[in-house]
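Chemist: Numbering-wise, the sequence shown is residues 244 to 476 according to my numbering.
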Amino acid sequence: MDNPRRVTDINVDGTVNLLEASKEADVKRVMLASSSSVYGKPKSLPYEEDHPTEPVSPYGVTKLTQEHMARVYTELHGLSTVCLRYFTVYGPRMRPNMAISNFVSRCVNGEPPVIYGDGQQTRDFTYVADVVDANRTLLDSDAADGDVLNIGSSDNISIQELAETVRDQLAPELEIVYESAREADAEHTHASVEKAGEVIDYEPSRTITEGVGEFTEWYQANPEWYEPLVRES
């Protein structure tokens, strides 16, 4: 994390501003986008919501602080809040500097996908439509008020397998390139979504292969504005 002060200003101060404004405006419910980064290095997988929270990055610390702020506003002021721990959200308009977008960009341009490290690190990739569905459900439901829920795919995939999935769909002739590992959060993430299933009937809708296929189609239909963002990231 290059700028912990900036991420703290945005995630912590911004959350307090939001909660204060919501309290004053008598808002019905505040839904906060938390992150799997709150867990840190796994003691067991898949992560359940009661897994110890020991974040290993300033970003993870700020997301956990958001959750505590939400809990305090619920307890002290009666403000309805729910925190959703997202696991690596991907899909149309995704953040351009993520593995999937970079793999797709390189493959559509005839360049080999680059893996940083040995590719055995794993991630639980969540399709954006599933995140949207969870949020839409909670707009009208108080079932998770004052609580936290994992929102993931209930599966995980190695970065090696992910690169192969993208490569095989777009340019199977390319060889994967490996470079030195970059600093990152936990080496493995994997969400248990059992609680979300029980509380809001959450159920992931796509496999990683299906989701990557949909994202690839969208990417190829929107190269003018999106591809430059990926190439510059």
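Think of the CB as a built atom: it goes at the ideal place given N, C-alpha and C, for glycine as much as any other residue. In this text, all values refer to a predicted model and were calculated from it rather than measured experimentally.
Tell me residue 326's beta-bridge partners as DSSP assigns them.
Modeler: According to DSSP, residue 326 bridges with 275 and 391.
Chemist: For the ligand COA, is there a heavy atom less than 6 Å away from the beta-carbon of residue 431?
Modeler: Ligands displayed in this structure: none; no statement on the ligand COA is therefore possible.
Chemist: Under 7 Å between the Cβ atoms of residue 255 and residue 308?
Modeler: Yes, they are a contact pair.
Chemist: DSSP beta-bridge partners for residue 434?
Modeler: Per DSSP, 290.
Chemist: Beta-carbon within less than 6 Å of residue 395's beta-carbon, same chain only, minus the 5 sequence neighbours each way: which residues are those?
Modeler: Within the same chain, residue 395 has close Cβ partners 330, 367, 369, 434 and 436.
Chemist: From 272, 253 and 252, pick the residue whose C-alpha is nearest to that of residue 383; which is it?
Modeler: The option with the nearest alpha carbon to residue 383 is 272.
Chemist: I'd like the span of the alpha helix (DSSP H) that includes residue 469, first residue to last.
Modeler: That run of the alpha helix (DSSP H) goes 466-475.
Chemist: Measure the C-alpha to C-alpha separation of residue 386 and residue 322 and round it to an integer number of angstroms.
Modeler: Roughly 14 Å between the two C-alpha positions.
Chemist: Mapping DSSP to helix, strand and coil, what is residue 446?
Modeler: Three-state result, residue 446: coil.
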